[in-house]
Structures are given as structure tokens and as C-alpha cells.
Ligand SMILES: NC(=O)c1ccc[n+]([C@@H]2O[C@H](COP(=O)([O-])OP(=O)(O)OC[C@H]3O[C@@H](n4cnc5c(N)ncnc54)[C@H](OP(=O)(O)O)[C@@H]3O)[C@@H](O)[C@H]2O)c1
């Protein structure tokens, strides 16, 4: 197998770190992204991987990260947009966006678009780590993406995970005919650092007490993502789709996940918020 170049965000802990460990055994070249230098170095060093740092609460950091990746490679075979979390309080970032949406969606959207030529050079697969929260909690309101009303952490988290699905669809629509494939995957309910900050008491209890023993391990979450990373688009999985594990579609999907107009509106709004030139991000072909 020829060596692949794989970028993984949120690789300093939990599922992302477990994905990195599984892929390192195969001889892939790994570029691992974390938000803190010490943590990402500790994961990357034993694997012989590159360690890159960016805090997704800052879009300037994401731009610097993209520039650094471009210095290190001219093609990417796989990008795993995995960094994310759920937060108890409403915070607006210096970029003017509600924090959950920025860390979980806009940052990955910006990074992917800034690297799009490298991804096209690699006929790449983009894997977005989504969540069942996309149908359990989400109802995306394009007029209130900053959750300016009552802040419910799991609702906002669900919205951001629905955005991960819509973003995979948007990538497919715009770039699949040029060789890029995109898929969104729920990794499972995983005992990691996730969920300890949510304002939802039940979810916090599940993730941060002895109840977390009921959850699966990061290794099992990683297996679900590696299934997508290693899969052949069109054979293993369908580009533009959302899976809840290998070959598993959600039983009760959020109807919004298949709303093409919503996917386009979110793409345009995400481009505007991340300072991308909307006119230069390609629009999908008009359906006859
Ligand atoms: N655990 C679950 O049950 C579950 C279920 C469905 C989906 N997911 C998704 O799986 C992904 C990974 O979560 P996990 O369970 O592995 O949780 P985790 O152990 O908390 O890992 C999250 C990763 O994202 C990074 N991250 C968080 N905020 C960041 C920021 N502002 N800038 C850059 N990186 C940031 C973390 O960096 P630090 O190490 O510095 O914190 C860490 O590397 C997330 O997208 C989550 O939504 C998790």
C-alpha cells in the first residue's frame, strides 16, 4: 500500500488519538492537530507523527494551521475533522461566532476549504466526526446560529453535529466529480474527555461518573472512524452520507440532514463567517 498523508484534528485525546495510534501501525504519514503543544506532542512523538497546534476558538489559528500544513505537504489523502466538544455556557469567540458552532463546525469548514487543492490532489476522503446528537437534539435555525436565545448546550452541540453532516454533503455536491469524497460518522457513545462540560445533567452524569463504564472505549470509537478512513467511497460507504457505525444508517434521521437547500444556506453562511470569498467557493451545479 502506498503511504497516505492523513491529517487528524482533535488528535491530542480520546477518539482522535486512538485513530492516530491505529493508523500509525500501517505506515501512514500522520499530521496530528491538537490545541495544546504538550498534549499533542505526547501523542505524536511515539508515533513518529508531525504535531501541529491550533485552538479552533480562533479562526486566525486555523488559518496559520492551514499554512503550516501547506508547508509540510502538497497532497492530502485523508482529512479527519474530529476536534470538538460540548460546552456548558454560551461564549462568543473573538471571530463573533457562538463557540460550539465555531469549534465543531466553522473551524473544520475553514480548514478544509483552505486545503481544498491539496485534498483534490490526493482524491481525498474527508471524514467528519458527527454524532447521534444531530437527530436527538438538533434543529438548525439559520436565523439564530449564535444561539442568542436560551442556551441549551446539547441543542447547540446537536446543531453543530448536524452541520458536520450537511458539510459532508456540501463537499460531496461540490467536489465529488473532481475526485473528493466526504462522509460523516457517529463514533459511538465513548468514554473520553467528552461530555464533562455539558449543561445537560443527564449527559454529564453519563460521561463523568461511574456510569461512563457503560460507554464504549475510544478504541472502539476509533474503529468506526477507521472504517471510513480506510473505506473505498462508492463501495464501503456512499459519499455525502451520514453513518452511525459501519454500514449503519440512523433509524430516525433528522429530516434536516437531507435538506439540500439548508446544506447550501449553511455553506454560504459558513463561508461568510469564516471570511472565505463566497463567490470563489464553488456552487453546486443547477439541477435540470
Ligand atoms: N465521546 C462521545 O461519546 C462522542 C459521541 C459522538 C461524537 N463525538 C465526537 O467525537 C469527537 C472527539 O471527541 P472525543 O470523545 O474524543 O472527546 P475528547 O477526548 O474531549 O477529545 C476532543 C478533541 O478535540 C480537541 N479540541 C477540543 N476543543 C478544541 C479547540 N478549541 N481547538 C482545537 N481542538 C479542540 C481536544 O483537544 P484537547 O486535548 O486540548 O482537549 C481533543 O483533542 C468530537 O467531535 C465529538 O463531538 C464524541
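Residue numbers (the working numbering): 715 to 1002.
Just so you know, even glycine gets a beta-carbon here, dropped at the ideal spot from N, CA and C.
Taking 7 angstroms as the cut-off, does the CB of residue 729 come closer than this to any heavy atom belonging to ligand 1? Counted from its first residue, the chain shown places residue 729 at position 15. Of the heavy atoms belonging to ligand 1, at least one sits nearer than 7 angstroms to the Cβ of residue 729.
Can you give, in chain order, each stretch of the alpha helix (DSSP H) that sits fully within the region 719–804 and has at least 4 residues? As summarised for the region 719–804, the continuous alpha helix (DSSP H) elements at least 4 residues long and confined to that stretch are 728–738, 751–761, 773–786, given in chain order.
Which of the three DSSP states is assigned to residue 947 in this structure? Within the chain shown, residue 947 is the residue found at index 233, counting from 1. DSSP, reduced to helix, strand and coil, places residue 947 within a strand of the structure shown.
Going by the beta-carbon positions, is the gap between residue 943 and residue 737 smaller than 8 angstroms? Walking along the chain shown from the start, residue 943 turns up at place 229. Walking along the chain shown from the start, residue 737 turns up at place 23. Yes. Within cutoff.
Is residue 958 buried or exposed, if buried means 16 or more other CB atoms sit within 10 Å of its CB? Here residue 958 refers to the residue found at position 244 of the chain shown. Result: buried.
Segment limits, alpha helix (DSSP H) that includes residue 843: Along the chain shown, one-based indexing puts residue 843 at 129. In the DSSP assignment, residue 843 falls outside any alpha helix (DSSP H) and lies within the beta strand (DSSP E) extending over 839–843.
Per DSSP, residue 958 forms a beta bridge with which residues? Reading the chain shown from its first residue, position 244 is the one you call residue 958. Note: residue 958 is not bridge-paired with any residue in the DSSP secondary-structure output.
Straight-line gap, residue 849 to residue 833 (C-alpha atoms, nearest Å): The sequence position of residue 849 within the chain shown is 135, counting from 1. The sequence position of residue 833 within the chain shown is 119, counting from 1. Those two C-alpha atoms are separated by around 29 angstroms.
Residue interval of the beta strand (DSSP E) (run including residue 899): One-based indexing of the chain shown puts residue 899 at position 185. First-last of the beta strand (DSSP E) with residue 899: 895–899.
By Cβ distance below 8 angstroms, which residues in the same chain neighbour residue 695 in space, the five residues on each side in sequence not counted? The structure shown has nothing for residue 695, since the chain only spans 715 to 1002.
Alpha carbon to alpha carbon, what distance is there between residue 895 and residue 876? Numbered from its first residue, the chain shown carries residue 876 at position 162. Numbered from its first residue, the chain shown carries residue 895 at position 181. The alpha-carbon atoms of residue 876 and residue 895 are separated by roughly 18 angstroms.
beta-carbon residue 749 near ligand 1 non-hydrogen atom, thresh 7 angstroms: In the chain shown, the residue the question calls residue 749 occupies position 35. Yes, since a heavy atom of ligand 1 falls inside the 7 angstroms radius drawn around the Cβ of residue 749.
Candidates 903, 967, 991, 872: which alpha carbon is nearest residue 854's? Looking up residue 854 in the chain shown gives position 140. For residue 854, the nearest C-alpha among the options comes from 872.
Proximal residues to residue 951 (C-beta, below 7 angstroms), its chain only, five neighbours per side dropped: Numbered from 1 along the chain shown, position 237 holds the residue referred to as residue 951. Within the same chain, residue 951 has close Cβ partners 897, 942, 945, 957.
Name the two residues that bound the continuous alpha helix (DSSP H) containing residue 983. As a working note, residue 983 is residue 269 in the chain shown. Counting along the chain, the alpha helix (DSSP H) containing residue 983 begins and ends at 974–987.
Contact test: residue 720 Cβ vs ligand 1 heavy atom, cutoff 7 angstroms: On the chain shown, residue 720 is found 6 positions in, with the first residue counted as 1. No, the beta carbon of residue 720 sits no closer than 7 angstroms to any heavy atom of ligand 1.
Closest by CA to residue 768, which one among 814, 781, 760? Looking up residue 768 in the chain shown gives position 54. For the residues 814, 781, 760, the minimum Cα distance to residue 768 belongs to 781.
Are residue 766 and residue 783 close, meaning C-beta to C-beta below 8 angstroms? Your numbering for residue 766 matches position 52 in the chain shown. Your numbering for residue 783 matches position 69 in the chain shown. The Cβ atoms of residue 766 and residue 783 sit closer than 8 angstroms to each other.
So, helix, strand or coil for residue 933, using DSSP? Taking the first residue of the chain shown as 1, we reach residue 933 at position 219. DSSP places residue 933 in helix when its eight states are reduced to three.
Within the same chain, show all residues whose beta-carbon is closer than 7 angstroms to that of residue 732, passing over the 5 residues directly before and after it, in chain order. Position 18 of the chain shown, counted from the first residue, corresponds to residue 732. Hits under 7 angstroms: 932, 933, 935, 936.
According to DSSP, simplified to helix, strand and coil, what is residue 846? Residue 846 sits at position 132 when you count from the first residue of the chain shown. DSSP places residue 846 in coil when its eight states are reduced to three.
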